[in-house]
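If you read the sequence shown in the working numbering, its first letter stands for residue -9, the second for the next number, and so on. Glycine included, C-beta positions come from ideal geometry on N, C-alpha and C.
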Amino acid sequence: MHSIKLLIIEDEYAIINILRLYLEKEGYTVFSSLNAADGLRLMEEVKPDIVLLDIHLPDKNGFELAYKYREISDGILIFLTGERTKDSIIQGFEIGCDDYITKPFDLPELMARIKANLRRSSITSSKVLHAGDLSINFLDKSVHKNGEKIELFTKERMLLFLLAEHANQVISAEQLYDSIWGIDSDAELKTVLVHLSTLRKKIEDDPRKPKYIQTVRGFGYKFSTPHSIKTKSRQHEWNTFR
-9 MHSIKLLIIE DEYAIINILR LYLEKEGYTV FSSLNAADGL RLMEEVKPDI VLLDIHLPDK
51 NGFELAYKYR EISDGILIFL TGERTKDSII QGFEIGCDDY ITKPFDLPEL MARIKANLRR
111 SSITSSKVLH AGDLSINFLD KSVHKNGEKI ELFTKERMLL FLLAEHANQV ISAEQLYDSI
171 WGIDSDAELK TVLVHLSTLR KKIEDDPRKP KYIQTVRGFG YKFSTPHSIK TKSRQHEWNT
231 FR
């Protein structure tokens, strides 16, 4: 495995040490910080591929740091925190985190979630989809509207690309959730609706009357284009999301 840069921002030194030993054994290059100030500096200097972020830091709320990370990177952001309230979990996903893990946590489970997020974020394709004034590049994961780049949070981007890759095919909210957040995620199903709403605000001319991400009542959602990118059998489509 090529060396992946991972940054831990956590105010408990013992947790950092345990994570560092485990992650370095798995082949990751690990950086760490005990506070938000040093964490932000490392984010900007190191440009980590993955950030494990606590919410309760001595000098700043972790949510503020998460916003900063999302301004400079589409890397994998995982909250690793003792904060268990639903409001905090929802806020984490609205900011654009890829996963939300509460303490105490199991190290093998944490590794499994990190690897699952890496697999989801590394899917590449050579296709470029042009739909109306949108251009969706499956190779570099960029999205443009009328020639101008649209900045998307990671989950928004993953939702758009999953729907676009299966253009004109209906995908249920449950399938979107399982494919992007994973069946073992602590997030609630409604986080799919929250992210679809923010995504529509960024790509649609009128989010109240979307022409790209359409709701098929009682069934799910589809990315609507004049012509589908590809055709799949129903059995293949089902297997893709199992």
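| query | Is the distance from the Cβ of Tyr12 to the Cβ of Leu97 below 7 Å? | reply | yes
| Quick check: the stretch 177 to 185 against the stretch 79 to 92, are there 3 or more CB pairs under 8 Å? | yes
| By Cβ distance, which residues of its chain are closer than 8 Å to Ile(-6), with the 5 residues on each side in sequence left out? | Gly17, Tyr18, Thr19, Asp39, Ile40 and Leu108
| query | According to the neighbour-count rule (16 or more other Cβ atoms, all chains shown, within 10 Å of its Cβ), is Leu149 buried or exposed? | reply | buried
| If you draw a straight line from the alpha carbon of Ser104 to that of Asp89, how long is it in whole angstroms? | In the sequence as presented, Ser is not what sits at residue 104; that position holds Ile. Approximately 9 Å, taken between the alpha carbons.
| Taking buried to mean at least 16 other C-beta atoms within 10 Å of its own C-beta, is Glu146 buried or exposed? | buried
| request: Indicate the three-state DSSP secondary structure (helix, strand or coil) for Phe128 in the structure shown. | output: coil
| said: Taking only three categories from DSSP, how would you classify Tyr211? | reply: strand
| Where the alpha helix (DSSP H) through Val182 begins and ends | Lys180 to Ile193
| Asp44 versus Lys180 - alpha carbon distance | 23 Å
| Reduced DSSP category for Gln159 - H, G, I as helix; E, B as strand; rest coil | coil
| task | List the endpoints of the continuous alpha helix (DSSP H) containing Ala27. | result | Ala26 to Val36
| request: Could you tell me the distance, in whole angstroms, from the CA atom of Asn7 to the CA atom of Tyr59? | output: 23 Å
| query | Do Phe21 and Leu42 have their CB atoms nearer than 7 Å? | reply | no
| request: Hey, could you find the ends of the alpha helix (DSSP H) Ala238 is sitting in? | output: Summary: the structure shown does not reach residue 238, with the chain confined to residues -9 through 232, and so no result is reported for it.
| message | With H, G and I counted as helix, E and B as strand and the rest as coil, what does DSSP make of Ser22? | response | strand
| task | Check Lys(-5) in the structure and name its three-state DSSP category. | result | strand
| query | What number of angstroms, rounded off, separates the C-alpha of Ser169 from the C-alpha of Leu124? | reply | 24 Å
| request: State whether the stretch 49 to 64 contacts the stretch 24 to 31, with contact taken as three or more CB pairs (one from each stretch) at a distance under 8 Å. | output: yes
| message | Within a Cβ cutoff of 7 Å, which residues of the same chain sit near Ile79, ignoring the five residues on either side of it in sequence? | response | Tyr90, Asp176 and Ala177
| What span of residues does the alpha helix (DSSP H) with Ile8 cover, start to end? | Tyr3 to Lys15
| task | Could you say which of Gly72, Tyr167 and Leu9 lies nearest to Gly52 if we only look at CA atoms? | result | Gly72
| request: From the DSSP output, read off the bridge partner residues of Lys135. | output: Leu124 and Glu138
| field | Buried or exposed (CB count within 10 angstroms, at least 16 for buried), Ser213 | value | Checking the sequence, you will find Phe at residue 213 rather than Ser. Flag for Phe213 reads buried.
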